[in-house]
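Undergrad: Just passing along the structure, written as structure tokens.
Number of protein chains: 2
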Amino acid sequence: MLPFQTLISLDKTLALPVYRQIANAITHHIKNGVLQPCTALPGTREMAEILDVHRKTIVAAYSELEVQGWICVTPRKGCYVAGNLPELKPGEWGQEAPGGYGKQMSAPFNVLTKERQGSIYPPNTPFHLIIDDGWPDTRLAPLDVLMREYRSLLKFKYKNPVTGTVTAGSLTLREAMADYLSETRGIKAGVPHLLITHGAQMAIFIAARLTITPGANVIAGAPGYATASQVFRHLGANMMTVPVDEQGIDTDAVADICRKHPVSMLYVIPHHHHPTTVTLSPARRMRLLELSAQYNFAIIEDDYDYGFHYNSSPYLPLASGQHDGRVIYIGSFSKSLASSVRIGFLVGAEDFIQQGMYLRKLLDLKGNHLMEDALAVLIKNGDISRHLKKANKVYHTRLQHLTTLLDTRLREVVEYTVPTGGMAVWAQFKIPLKQLSAHATKQGLYISDGTSYMAENSCRIGFASLNTQEMEQAITILASGI
Amino acid sequence: MLPFQTLISLDKTLALPVYRQIANAITHHIKNGVLQPCTALPGTREMAEILDVHRKTIVAAYSELEVQGWICVTPRKGCYVAGNLPELKPGEWGQEAPGGYGKQMSAPFNVLTKERQGSIYPPNTPFHLIIDDGWPDTRLAPLDVLMREYRSLLKFKYKNPVTGTVTAGSLTLREAMADYLSETRGIKAGVPHLLITHGAQMAIFIAARLTITPGANVIAGAPGYATASQVFRHLGANMMTVPVDEQGIDTDAVADICRKHPVSMLYVIPHHHHPTTVTLSPARRMRLLELSAQYNFAIIEDDYDYGFHYNSSPYLPLASGQHDGRVIYIGSFSKSLASSVRIGFLVGAEDFIQQGMYLRKLLDLKGNHLMEDALAVLIKNGDISRHLKKANKVYHTRLQHLTTLLDTRLREVVEYTVPTGGMAVWAQFKIPLKQLSAHATKQGLYISDGTSYMAENSCRIGFASLNTQEMEQAITILASGI
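As you go down the protein sequences, you meet chains A and B in turn.
This note's numbering puts the first sequence at residues 6 to 487.
This note's numbering puts the second sequence at residues 6 to 487.
Shown next as structure tokens:
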């Protein structure tokens, strides 16, 4: 007889009832081929003694197994493993999926694997300090207000179960957004022009999927936002890059490409180009609109950083100008509040938004409507605007503090231009950044080694998420590595 | 001189400062071509009188415009619209995006448009009652506990700004999941085998994208889960359907297809097939594992409904059997808690999960890690298990109550089989469902007209989200429509 005592290990501290544990164990061993078809099982009394449980427990386990068709219980003959089950050997997940699937993505994703080694997103490791890519300081965000609204909405739902699902996102949020965008950015968009997404990244994916067919020519600045380019390549785009100077992406270079090739889409970050933080000049904004009309290509305007400007106010988006629907505008609240609040949005023509809705449904059905409704309240109450005003003051101070530190502590090794806004400084190091990054890691400070920015010895120094004291510590660690 | 009084309308109740409103208005009119290049603007004093604001406000607005390069201010000569800006006409988003983009998706999405007319997701309309596709009752879920954990984590983050980002999802959640899946479902998966997604739908999209290349043969039951099939078709799959009977999908039909065609992937919902609610029998589960090994195809096991069983315990997933990594297991917490908690997961081989991580990054970067950490606490504390135990009792009662109502009030017009679990009854009507649905809508009750299920006069009656009184009202409305 098989050693059931060791085969069936019971743990009474588990959530799972003991009789279920017994049933599962037996099922498991049947599948593993340890218990062959037609094998006799000990009677309930005997098994109860073996496993040191009450007989009723075994009875429950056996009847469970019988109901599920794993064993046959015959009066006065005992229990047997069912005979109509094929024999099987044990199996688990290995390191590699068989049959090639899971491999077919390798080609496009090798790129990512490489980039990932120097991801702009620091890993979950024992870092005491993290110099990030330019993330907001969650400690400043009115998340308590957001959660208060969220909870009160939950309470309401308790009373009222009726909830509709709209893939485009919460109606109240889209209504609030329409006013907000028109008041703050001169964007005239109605509810039918708005799609709420799970973060700006999803908006980029959707807008790209709707404007790119495999082989299509797509223009973006170089260096540029790696994760966006990865999406475009993933969708089969033929990437054509143009230089980026202190005025933003080079529109003459864009014109040159348009004269030679049909262009489907251009991706631009008008405020604080990633990674170099430059702002697109008004003249170039208009030039882009002209070119998009002349050569009929779509512009994806990724304006995630609109809310953060220190020396002057932001320029109105291309989306507020004359675009005849050629501009697809993308924004996010992850920067305004916290990266954990994954609410982004996409503005476009009605039929475009319709398509986007269907695509979003395929990606993730819908967002968290309660959280979206809560955000709508904060927008209407002006909490968001007040927070942005406050955050801009704090971040401006932190930027000035960072530049002071760079000029005093790292003058010999770092070159940079003070950005007019955003949450990061584009720092070019005169020493090997990989070594400096390794040195910092030893001391519990994360700083990118530059790999992910595809630029030699350069990386972004996010100044928003660290207070002056934390930044002081961070720079001190870097200075000690020179 | 232009009528600036009407051209520049100010609203002091807006969040936007008045000087910004003036600057934006002037910028807008320059772009619109209303203010041509080199046009003279009124002096600050004159403009202040025209708009009835303090002169300092105009000074601020003008210097703003000058900084942004829209106007030139020359001492003793006044202000002029900059001359180096091309002329432009006004433009906005229309109904249709120009240049064909936003159209290219039409073909695949026409299908969706049709299906959408009878979406399984009720619209945000003035319905008093909604018979849904089978959603949980948010009022029963321990969302208050979840929010409490979430807030305490937020407070912690206030003190501690260091956050890493892992696309695979919160580490603590994946650790908790690994134990949870092994204790409750016999699934032996480690953290490297787990990917957290934004709802189960994203897990389906990712798993499909990694197992499907355009033209690949994919097997699914008919009728089946429409949104999944839409994903597969969207990714270029050649759909091959097999019948579904009371034992689940017909594995002999699967074998027939495999003998004739190479198959890349099979999609199966083992517990409570959507829409017909049948459960896949143990013998067929093993047959599927055999076939997948023999013909080397991937199985996407969508077990979203595992937690809800009334007459007996659920069967262990295929993923707990001998699959050698060929099974990709998908689950969700949206059903266990609330559809607003969009946390799903995917279990697979390590390299597969790696690929999935990169793809998820492209789709939405990452989830809400704070919420994921909060969920992890609920899983570890057993809150989830306790809730499921409680919810199962309640839902079982509601199911019995619904069947009683159907048997008494709608006996002549409805046929159905009592499901062993899940949250919906598959109801086949002997009268035109479209008319009944229209009648119900007039009385504030939503019920699908069946279109989305692609079955004549049949729809799912979700019984979990409505308490007995609400269900009574709903059925009464339906009965009045016969």
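Ideal Cβ placement from N, Cα and C applies to all residues, glycine included.
Counting pairs of Cβ atoms below 8 Å between the segment 266-286 of chain B and the segment 298-315 of chain B, do you hit three or more?
TA: Counting Cβ pairs under 8 Å, three or more are found: they touch.
Undergrad: Counting only beta-carbon atoms, is residue 236 of chain A nearer than 7 Å to chain B?
TA: Within the first sequence, numbered from 1, the residue matching residue 236 of chain A stands at position 231. Cβ-Cβ to chain B under 7 Å: yes for residue 236 of chain A.
Undergrad: How far does the alpha helix (DSSP H) with residue 263 of chain B in it reach, from first residue to last?
TA: Start at 1 with the first residue of the second sequence, and residue 263 of chain B comes out as number 258. Run containing residue 263 of chain B: 256-265, per the alpha helix (DSSP H) assignment.
Undergrad: Please confirm whether residue 189 of chain A has its beta-carbon closer than 7 Å to some beta-carbon of chain B.
TA: Here residue 189 of chain A refers to the residue found at position 184 of the first sequence. So, interface residue.
Undergrad: What separation, rounded to the nearest whole angstrom, lies between the Cα atoms of residue 436 of chain B and residue 282 of chain B?
TA: Along the second sequence, read from residue 1 onward, the residue named residue 436 of chain B stands at position 431. Along the second sequence, read from residue 1 onward, the residue named residue 282 of chain B stands at position 277. Distance between the alpha carbons of residue 436 of chain B and residue 282 of chain B is about 21 Å.
Undergrad: With 7 Å as the C-beta to C-beta threshold (strictly closer), list the residues of the segment 200-233 of chain A near chain B in chain order.
TA: Per Cβ criterion, the list reads 203, 204, 206, 207, 210, 215, 216, 218, 232.
Undergrad: Please classify residue 111 of chain A as buried or exposed, where buried requires at least 16 other C-beta atoms within 10 Å of its C-beta.
TA: Looking up residue 111 of chain A in the first sequence gives position 106. Model confidence at residue 111 of chain A stands at a pLDDT of 34, short of 50, so the residue's coordinates are unreliable; what they give is reported in the following sentence. It counts as exposed.
Undergrad: Since residue 341 of chain A contacts residue 204 of chain A with CB under 8 Å, what's their CB separation in whole angstroms?
TA: Residue mapping note: residue 341 of chain A aligns to position 336 of the first sequence, counting from 1. Residue mapping note: residue 204 of chain A aligns to position 199 of the first sequence, counting from 1. About 12 Å; that fails the 8 Å criterion.
Undergrad: Which residues of chain B have a Cβ atom closer than 7 Å to the Cβ of residue 366 of chain A, listed in chain order?
TA: Looking up residue 366 of chain A in the first sequence gives position 361. Simply 232.
Undergrad: Select from B:406, B:461, B:440, B:366 the residue whose C-alpha is nearest the C-alpha of residue 477 of chain B.
TA: Your numbering for residue 477 of chain B matches position 472 in the second sequence. Answer by Cα proximity: B:406.
Undergrad: Are the C-beta atoms of residue 29 of chain B and some chain A residue less than 7 Å apart?
TA: Here residue 29 of chain B refers to the residue found at position 24 of the second sequence. Taking Cβ atoms only, chain A reaches closer than 7 Å to residue 29 of chain B, which makes this a yes.
Undergrad: What number of angstroms, rounded off, separates the C-alpha of residue 248 of chain B from the C-alpha of residue 466 of chain B?
TA: Counting from one through the second sequence, the residue named residue 248 of chain B turns up at place 243. Counting from one through the second sequence, the residue named residue 466 of chain B turns up at place 461. So the alpha carbons of these two residues sit roughly 22 Å apart.
Undergrad: Mind pulling the chain A residues with CB within less than 7 Å of residue 320 of chain B?
TA: Start at 1 with the first residue of the second sequence, and residue 320 of chain B comes out as number 315. The answer, in chain order, is 73.
Undergrad: Using a C-beta cutoff of 7 Å, does residue 390 of chain A count as contacting chain B?
TA: The residue labelled residue 390 of chain A in the question sits at position 385 within the first sequence. Chain B, which has a Cβ nearer than 7 Å to the Cβ of residue 390 of chain A, makes this yes.
Undergrad: To the nearest whole angstrom, what separates the beta carbons of residue 491 of chain B and residue 42 of chain B, a pair I think is in contact under 8 Å?
TA: Here chain B comprises residues numbered 6 to 487, so residue 491 of chain B is not present and cannot be evaluated.
Undergrad: Just by C-beta distance, which residues in the segment 365-385 of chain A are closer than 8 Å to chain B?
TA: Residues passing the 8 Å Cβ filter: 366, 367, 368, 369, 370, 371, 372, 373, 374, 375, 376.
Undergrad: So residue 288 of chain A contacts chain B; which residues on that side make the cut at Cβ distance below 9 Å?
TA: By one-based count along the first sequence, residue 288 of chain A stands at place 283. Going along chain B in sequence order, the residues near residue 288 of chain A (Cβ under 9 Å) are 74, 87, 89, 90, 91.
Undergrad: Compute the beta-carbon to beta-carbon distance between residue 414 of chain A and residue 480 of chain A, rounded to the nearest angstrom, for a pair I have assumed lies under 8 Å.
TA: Numbered from its first residue, the first sequence carries residue 414 of chain A at position 409. Numbered from its first residue, the first sequence carries residue 480 of chain A at position 475. Going by Cβ atoms, the distance from residue 414 of chain A to residue 480 of chain A rounds to 5 Å, so yes, they are a contact pair.
Undergrad: Are the beta-carbon atoms belonging to residue 345 of chain B and residue 321 of chain A less than 7 Å from one another?
TA: What you label residue 345 of chain B is simply residue 340 of the second sequence in a count that begins at 1. What you label residue 321 of chain A is simply residue 316 of the first sequence in a count that begins at 1. The answer is no: Cβ separation not under 7 Å.
Undergrad: Name, please, each residue of chain A whose Cβ falls closer than 7 Å to the Cβ of residue 32 of chain B.
TA: Taking the second sequence and counting its residues from 1, one reaches residue 32 of chain B at position 27. Correct list: 321.
Undergrad: Go ahead and label residue 154 of chain B buried or exposed: buried means 16 or more other beta carbons lie within 10 angstroms of its beta carbon, across all protein chains shown.
TA: The residue given as residue 154 of chain B occupies position 149 in the second sequence. With 16 or more Cβ atoms within 10 Å of its Cβ, residue 154 of chain B is classed as buried.
Undergrad: If you check the beta carbons only, do residue 212 of chain B and residue 305 of chain B fall under 7 Å apart?
TA: In the second sequence, the residue the question calls residue 212 of chain B occupies position 207. In the second sequence, the residue the question calls residue 305 of chain B occupies position 300. In contact: residue 212 of chain B and residue 305 of chain B (Cβ atoms closer than 7 Å).
Undergrad: Note down the Cα distance separating residue 209 of chain B from residue 53 of chain A, rounded to an integer number of angstroms.
TA: Translated into positions along the second sequence, residue 209 of chain B becomes position 204. Translated into positions along the first sequence, residue 53 of chain A becomes position 48. Approximately 43 Å between the Cα atoms of the pair.
Undergrad: Would you call the CB atoms of residue 183 of chain A and residue 200 of chain A closer than 7 Å?
TA: By 1-based counting over the first sequence, the position of residue 183 of chain A is 178. By 1-based counting over the first sequence, the position of residue 200 of chain A is 195. For residue 183 of chain A and residue 200 of chain A, no; Cβs fall outside 7 Å.
Undergrad: Just checking: is the beta-carbon of residue 345 of chain A within a distance shorter than 7 Å of some beta-carbon in chain B?
TA: As a working mapping, residue 345 of chain A is identified with position 340 in the first sequence. Yes, because at least one Cβ of chain B sits closer than 7 Å to the Cβ of residue 345 of chain A.
Undergrad: Return no unless some Cβ of chain B is closer than 7 Å to the Cβ of residue 486 of chain A.
TA: Indexing the first sequence from 1 puts residue 486 of chain A at position 481. Output row for residue 486 of chain A: interface = no.
Undergrad: Between which two residues does the alpha helix (DSSP H) carrying residue 475 of chain A extend?
TA: Position 470 of the first sequence holds residue 475 of chain A. Here the alpha helix (DSSP H) through residue 475 of chain A covers 473-484.
Undergrad: Measuring only the C-alpha atoms, how far is residue 504 of chain A from residue 67 of chain B?
TA: Because residue 504 of chain A is not part of the residues shown, which for chain A are 6 to 487, the question remains open.
Undergrad: Which chain B residues sit within Cβ distance under 7 Å of residue 179 of chain A?
TA: Locating residue 179 of chain A in the first sequence gives position 174, where the first residue counts as 1. None at all; the shortest Cβ gap to chain B is about 11 Å.
Undergrad: When we look at the beta-carbon of residue 206 of chain B and count the other beta-carbons within 10 Å, is it buried (16 or more) or exposed?
TA: Position 201 of the second sequence, counted from the first residue, corresponds to residue 206 of chain B. It is buried - the Cβ of residue 206 of chain B has at least 16 other Cβ atoms within 10 Å.
Undergrad: Roughly how far, in whole angstroms, is the beta-carbon of residue 469 of chain B from the beta-carbon of residue 139 of chain B, given that I think they are within contact range, below 8 Å?
TA: Residue 469 of chain B sits at position 464 when you count from the first residue of the second sequence. Residue 139 of chain B sits at position 134 when you count from the first residue of the second sequence. Confirmed, about 7 Å.
Undergrad: Which of the three DSSP states, helix, strand or coil, is assigned to residue 238 of chain A?
TA: Counted from its first residue, the first sequence places residue 238 of chain A at position 233. Helix.
Undergrad: With a threshold of 16 other CB atoms inside 10 Å of the CB of residue 314 of chain B, please say whether the residue is buried or exposed.
TA: The residue labelled residue 314 of chain B in the question sits at position 309 within the second sequence. Result: buried.
Undergrad: Give the residues of chain A in contact with residue 401 of chain B, contact being defined as C-beta atoms less than 8 Å apart.
TA: On the second sequence, position 396 is the one that residue 401 of chain B refers to. Going along chain A, no residue has its Cβ under 8 Å from residue 401 of chain B, so there is no contact; the nearest lies around 16 Å.
Undergrad: At 7 Å on the CB atoms, spell out the chain B contacts of residue 448 of chain A, in chain order.
TA: Taking the first residue of the first sequence as position 1, residue 448 of chain A is located at position 443. Neighbours of residue 448 of chain A on chain B: none; closest Cβ ~14 Å, over 7 Å.
Undergrad: Please classify residue 422 of chain B as buried or exposed, where buried requires at least 16 neighbouring CB atoms within 10 angstroms.
TA: On the second sequence, residue 422 of chain B is found 417 positions in, with the first residue counted as 1. Exposed, because fewer than 16 other Cβ atoms sit within 10 Å of the Cβ of residue 422 of chain B.
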